Amino acid sequence: MIRDKVSPQSYILRITKEEWFRQVFSIKKYYPGVRRKWEPGGGILLIRKSEDGDSFVGYGTVKEYIRRDLLPDKEREECEAMGWTGVLIFNDLFRFDPPLLIRDTILSGGRAQGRCLHGYPLTQEQVESILDKARQLSRVQKVN
Numbered sequence: 017m018i019r020d021k022v023s024p025q026s027y028i029l030r031i032t033k034e035e036w037f038r039q040v041f042s043i044k045k046y047y048p049g050v051r052r053k054w055e056p057g058g059g060i061l062l063i064r065k066s067e068d069g070d071s072f073v074g075y076g077t078v079k080e081y082i083r084r085d086l087l088p089d090k091e092r093e094e095c096e097a098m099g100w101t102g103v104l105i106f107n108d109l110f111r112f113d114p115p116l117l118i119r120d121t122i123l124s125g126g127r128a129q130g131r132c133l134h135g136y137p138l139t140q141e142q143v144e145s146i147l148d149k150a151r152q153l154s155r156v157q158k159v160n
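Residues are numbered in the numbering used here as their position in the sequence shown, beginning at 1, plus a constant of 16.
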């Protein structure tokens with residue numbers, strides 16, 4: 017029996033600190049604290065808390081995931097201290113300006129909210145709907 021290849025899973029990751037927000041878009045890396053099946057080509061929607069509510073601030077595709085135990089000593093030690101599982105390196109990364117409020121998307125009224133969105137899996141249809149809405153309402157800027 018031949019099976020069609022399943023697309024890599026997409027997830028939401030929530031950025032909690034201003035420093036990490038700037039870092040993600042400057043070095044195109046994210047240090048997740050949740051365990052997931054991070055695969056090349058997987059989609060990552062980034063969210064951040066704002067005065068108006070949680071908002072999508074960007075989207076990226078995974079180039080590579082490096083487990084914590086395979087990182088250089090200094091980076092591994094920082095991951096251990098912070099409870100991070102490794103590092104996601106982005107292939108393509110886009111920033112939404114202005115951010116897209118979650119309540120204005122297909123996820124509005126969903127059971128997962130706030131910090132429960134961190135690591136939340138998305139269907140391909142949800143990803144496409146959110147990205148379409150972001151393109152309509154935001155300037156989607158590719159990060160070099």
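Note that beta-carbon positions come from the ideal geometry of N, C-alpha and C, so glycine has one too. Small disclaimer: the values here were computed from a predicted structure and weren't measured.
With a threshold of 9 Å between beta-carbons, can residue i be considered close to chain C, or not?
| i | result |
| --- | --- |
| GLU34 | Given the protein chain composition of this structure (a single chain), no chain C is represented. |
Just to confirm, are residue i and residue j a CB contact at a threshold of 9 Å?
| i | j | result |
| --- | --- | --- |
| VAL159 | LYS44 | yes |
| LYS79 | LEU116 | no |
| ILE28 | LEU133 | yes |
| PHE37 | TYR75 | no |
Within the continuous beta strand (DSSP E) that includes residue i, where are the two ends?
| i | result |
| --- | --- |
| LYS158 | 155-158 |
| GLU80 | 71-83 |
| PRO114 | 102-117 |
| ARG166 | A query on residue 166 cannot be resolved here, the shown segment of the chain reaching from 17 to 160 and no further. |
| LEU61 | 59-64 |
By how many angstroms is the C-alpha of residue j removed from the C-alpha of residue i?
| i | j | result |
| --- | --- | --- |
| GLY58 | GLN25 | 5 Å |
| VAL73 | LEU87 | 27 Å |
| SER124 | ILE146 | 11 Å |
| PRO137 | GLU94 | 26 Å |
| THR77 | GLY49 | 18 Å |
| ARG84 | GLU67 | 34 Å |
| TRP100 | VAL156 | 28 Å |
| LEU153 | LYS33 | 24 Å |
Can you tell me where the alpha helix (DSSP H) holding residue i begins and where it ends?
| i | result |
| --- | --- |
| GLU34 | 34-43 |
| ARG92 | 89-98 |
Here's the rule I'm using: 16 or more other beta-carbon atoms within 10 Å means buried, otherwise exposed. How should residue i be labelled?
| i | result |
| --- | --- |
| ALA97 | exposed |
| GLU64 | According to the sequence as given, residue 64 is Arg; it is not Glu. When all chains shown are included, ARG64 counts as buried. |
| SER71 | buried |
| THR139 | exposed |
| ARG30 | buried |
Between the segment 46-63 and the segment 103-118, can you find at least three pairs of beta-carbon atoms closer than 8 Å? yes
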